[in-house]
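Per numbering that gives the first Met the number 0, the very first residue in the sequence shown carries number 0; after that it's consecutive. Backbone N, C-alpha and C fix where the C-beta goes; we use that ideal spot for every residue, glycine too. These notes are about the structure you will find just below.
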Amino acid sequence: MTSRPQPDTRDAYPRFVPLTTRWMDNDVYGHLNNVVYYSLFDTAVNSLLIEAGALDIHGGEVIGLVVETHCNFFESLAFPQRIEAGVRVAHQGRSSVRYEIGLFAEGAPTCAARGHFVHVYVDRDNRRPVAELPTAYLDALKTLTP
């Protein structure tokens, strides 16, 4: 039997992105719907890549396609809470990256949810994996590697 996942503390993440919840994010049970967590993961990672000058969503030659996702939930989050997303790179391959994200209620010492997704970076036009990640991505990923 495997041990139950435990929430991370803030020191597990080298970078944080502040995120705002929205009224529409809450479900009938009064907390963020599970699909919203995945949207927040995507927003946090891509915000950092755009900020670093690596990701150009409109004209870049390289784009990241999500090929795997996962989330563990530890506590509920709900609108109007502010969230801080901790981001780290857990694995970097030739054309793929596994990002791990912890969603923290603002100021909380442990994450309410922790997830990951894997991007495979591909040529925008032919959708084939790149031979190697561009320098701008490599530089951005260094800032996310603990």
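Taking the Cβ atoms as the reference, Leu31 lies roughly 6 Å from Ala77, within the contact range of under 8 Å. If you ignore the 5 residues before and after Pro6, its C-beta comes within less than 7 Å of the C-beta of Phe73, Thr109, Cys110 and Arg113, all in its own chain and listed in chain order. If you check the CB distance, Ser94 and Pro128 come in under 8 Å. Residue pairing of Glu83 in beta bridges, as defined by DSSP: Pro17 and Phe103. By the Cβ criterion, the region 14 to 29 is in contact with the region 81 to 88, since at least three pairs of Cβ atoms, one from each stretch, lie closer than 8 Å. Excluding sequence positions up to five before and after Val86, its CB lies within less than 7 Å of the CB of Tyr12, Arg14, Val16, Ala43, Val44, Leu47, Tyr98, Ile100 and Leu143, all in the same chain and listed in chain order. Phe103 is the residue among Ala53, Val65, Pro133 and Phe103 whose C-alpha sits nearest the C-alpha of Arg9. The alpha-carbon separation between Pro4 and Val35 amounts to approximately 20 Å.
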